[in-house]
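Q: So that we are looking at the same thing, I have put the structure below in structure tokens.
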Amino acid sequence: MPTLLDLPSEIRDLILELCLLACRAAPIDVASAERTRLAPLSDSCREFRSWSYGPANVRYENTSYTSNALPLLLLNRQLHTETQAAIARLRAAKQLVYKLDVMLVKECELWVTWLCVPAVAQLATVEVSVRTFGTAEWPKDRHVWTTFSHGDGSPPQILWCFYVLIEHFLRFGPLPQATLERGLGIGKLVLDFRTPTEGPFPPEGTIMRQWVRDRRQDPHGGPLRETVLPAAWLSDFLRGSLRGLLNMNYHTAAYGGILHGGIDEIVLLVDGAERENNKIDVAAYLKRLAFTDPRRTFGHVYPHEKRLERFWLWKKEAVEKRRQLGLLVYDDTPVDPQ
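In the numbering used here, the protein residues as written are 6 to 343.
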């Protein structure tokens with residue numbers, strides 16, 4: 006009986022590529038996903054740049070993840086070599102795609118399930134489907150505590166969940182219990198926000214700011230209290246937050262650097278469709294950064310006279326790191342003050 010190695014190499018290459026890109030189905034609902042959740046990331050010994058709310062409210066699937074490539078790499082020397090070649094071909098063709106399902110549960114937690122992990126490799130595409138389930142649970146006679154409200158100079162808490170998700174991948178890779186820092190780069194990060202399957206939804210004409218404000222201020226449950234966050238609102242919220250991080254301003258410079266050092270492009274979709282201004286060119290943001298006022302950036306650095314020096318040192322290091330990873334750097338990107 007013929008074995009895999011007896012097949013023509015062209016057919017074997019196709020089989021290897023299909024194995025690398027094999028994908029499983031996402032959880033159907035909260036009930037089916039809840040049984041498989043790990044403890045939050047905050048229970049691990051790793052430290053994250055994210056504020057504590059993020060690691061405390063991101064829960065991966067409780068399974069022994071391995072990449073699709075690992076069994077193939079361990080079979081024998083010939084298949085090891087051919088699998089590495091298949092990974093290189095897929096990456097060169099921009100077809101090496103990770104697939105991730107993220108469930109926003111009751112507006113307060115992210116439940117994360119990897120659907121396809123081809124190989125732990127640089128410059129892959131990461132496709133993320135973001136689905137919303139339920140609304141915040143709170144006693145009817147009390148104000149709704151919402152993770153989408155801004156604090157005193159701080160971003161909404163739910164942002165830290167998305168932030169630590171990106172931070173974890175760039176630092177440790179896709180596997181939830183990994184402890185070895187890998188320093189990965191993402192060629193394209195695609196965030197596809199899916200319309201919830203169950204409502205009710207806010208009335209037409211309502212804006213997200215009104216939705217957040219009214220739900221907080223009405224302790225008796227106004228008409229917006231039980232409404233589900235629309236996918237387009239979540240997309241706009243993340244787009245604005247990511248751009249704020251990339252701007253490296255007074256408040257965000259302590260956190261935006263990891264995006265500059267690890268991602269080429271971010272694309273935001275709603276139900277698979279592109280919208281206006283949905284693409285973020287990270288290299289273009291980095292190129293434009295050229296602060297001259299210490300009051301505008303690196304607000305966490307004291308004394309403030311050190312901030313511009315720190316900014317330009319960071320930018321030079323970010324450009325160097327992007328080049329090492331093979332990420333785009335525009336030739337006219339300044340790395341020294343003019």
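Built from N, CA and C at the ideal position, the CB exists for glycine as well. Keep in mind it's a predicted model, so treat the numbers as computed, not measured.
Taking Cβ positions, are G190 and G304 nearer each other than 8 Å?
A: Your numbering for residue 190 matches position 185 in the sequence shown. Your numbering for residue 304 matches position 299 in the sequence shown. No, the pair does not count as a contact, with Cβ atoms beyond the cut-off.
Q: As a quick exercise: from T257, A295, Q127 and L109, pick the residue whose alpha carbon is nearest that of R94.
A: Counting from 1 along the sequence shown, the entry for residue 94 is found at position 89. Measuring from the Cα of R94, the nearest candidate turns out to be Q127.
Q: Among the residues of its own chain, which have a CB less than 6 Å from the CB of V131, if the five just before and after it don't count?
A: Position 126 of the sequence shown, counting from 1, holds the residue named residue 131. Only Y103, I191 and L194 meet the Cβ criterion.
Q: Do you know offhand how far S154's Cα is from L318's?
A: Taking the sequence shown and counting its residues from 1, the one referred to as residue 154 is at position 149. Taking the sequence shown and counting its residues from 1, the one referred to as residue 318 is at position 313. Taking the straight line from one Cα to the other gives about 34 Å.
Q: In the stretch 46-93, which residue ranges form an unbroken beta strand (DSSP E) of at least 3 residues, counting only runs that do not cross its ends?
A: Listed in chain order, the complete beta strand (DSSP E) runs (minimum 3 residues) inside the stretch 46-93 are 63-65.
Q: Keeping to the same chain, check which residues put their C-beta closer than 7 Å to that of L25; ignore five residues upstream and five downstream.
A: Within the sequence shown, numbered from 1, the residue matching residue 25 stands at position 20. Closer than 7 Å at Cβ, skipping near neighbours: N73, A74, A91, I92, L95, P123 and A124.
Q: Figure out for me which residue from D298, T137, T8 and L101 has the closest Cα to the Cα of F198.
A: Counting from 1 along the sequence shown, the entry for residue 198 is found at position 193. F198 has its Cα closest to that of T137, out of D298, T137, T8 and L101.
Q: What's the call for A289, buried or exposed, on a 16-neighbour Cβ count within 10 Å?
A: If you number the sequence shown from 1, residue 289 lands on position 284. Per the 10 Å Cβ criterion, exposed.
Q: Kindly confirm or deny that the stretch 25-45 and the stretch 103-120 touch, where touching means at least three C-beta pairs closer than 8 Å.
A: The stretch 25-45, when compared against the stretch 103-120, does touch it at the 8 Å Cβ threshold.
Q: Taking only three categories from DSSP, how would you classify G261?
A: As a first step, residue 261 is located in the sequence shown; it is residue number 256 there, counting from the start. Three-state DSSP puts G261 in a helix.
Q: Under the DSSP definition of a beta bridge, which residues are partnered with S159?
A: Locating residue 159 in the sequence shown gives position 154, counting from the first residue. DSSP, once it has assigned bridges, lists no residue as partnering S159.
Q: So the candidates are I285, H265 and L229; which of them puts its Cα closest to the Cα of A141?
A: The residue labelled residue 141 in the question sits at position 136 within the sequence shown. The option with the nearest alpha carbon to A141 is L229.
Q: Would you report the Cα separation of G156 and L330, rounded to the nearest angstrom?
A: To locate residue 156, count along the sequence shown from 1; it is residue 151. To locate residue 330, count along the sequence shown from 1; it is residue 325. Looking at the two C-alpha atoms, the distance is approximately 35 Å.
Q: Please classify S55 as buried or exposed, where buried requires at least 16 neighbouring CB atoms within 10 angstroms.
A: To locate residue 55, count along the sequence shown from 1; it is residue 50. It counts as buried.
Q: Pop quiz: V63 and L170 are said to be a contact at Cβ under 8 Å. What is the actual Cβ separation, rounded to whole angstroms?
A: On the sequence shown, residue 63 is found 58 positions in, with the first residue counted as 1. On the sequence shown, residue 170 is found 165 positions in, with the first residue counted as 1. Rounded, the Cβ-Cβ distance is 6 Å, consistent with contact.
Q: Please classify C121: does DSSP put it in a helix, a strand, or coil?
A: Here residue 121 refers to the residue found at position 116 of the sequence shown. DSSP places C121 in strand when its eight states are reduced to three.
Q: Can you say whether A236 is buried or exposed, counting buried as having 16 or more other CB atoms within 10 angstroms of its CB?
A: Residue numbering aside, residue 236 sits at position 231 when the sequence shown is read from its first letter. With 16 or more other Cβ atoms within 10 Å, it is buried.
Q: Check each candidate in P201, Q182 and E314 and name the one with the smallest Cα separation from T71.
A: Taking the sequence shown and counting its residues from 1, the one referred to as residue 71 is at position 66. Comparing Cα positions, the closest option is Q182.
Q: Quick one, which of S240, E310 and T152 has its alpha-carbon nearest N283's?
A: The sequence position of residue 283 within the sequence shown is 278, counting from 1. N283 has its Cα closest to that of S240, out of S240, E310 and T152.
Q: Compare the C-beta of A74 against all C-beta atoms of chain D and say whether one is closer than 8 Å.
A: Here there is only one protein chain, and chain D is not present.
Q: Going by CA-CA distance only, name the one from L12, T302, A278 and Q343 that's closest to M253.
A: The residue you call residue 253 lines up with position 248 of the sequence shown. Comparing Cα-Cα distances from M253 to each of L12, T302, A278 and Q343, the minimum goes to T302.
Q: My assumption, with CB atoms under 8 Å, is that W165 sits in contact with G249. Please give the rounded CB distance.
A: If you number the sequence shown from 1, residue 165 lands on position 160. If you number the sequence shown from 1, residue 249 lands on position 244. Rounded, the Cβ-Cβ distance is 13 Å, inconsistent with contact.
Q: Do D396 and G227 have their CB atoms nearer than 8 Å?
A: Absent from the model: residue 396. The displayed extent of the chain is 6 to 343, so no value can be given.
Q: Rank L19, L10, R40 and R29 by C-alpha distance to the C-alpha of N81 and give the top, closest one.
A: On the sequence shown, residue 81 is found 76 positions in, with the first residue counted as 1. Comparing Cα positions, the closest option is L10.
Q: Should R312 go down as buried or exposed, given a rule of 16 or more other Cβ atoms within 10 Å for buried?
A: If you number the sequence shown from 1, residue 312 lands on position 307. So R312 counts as buried.
Q: For the alpha helix (DSSP H) containing S246, name the first residue and the last one.
A: Within the sequence shown, the letter at position 241 stands for residue 246. A236 to L251 is the span of the alpha helix (DSSP H), which, as asked, contains S246.
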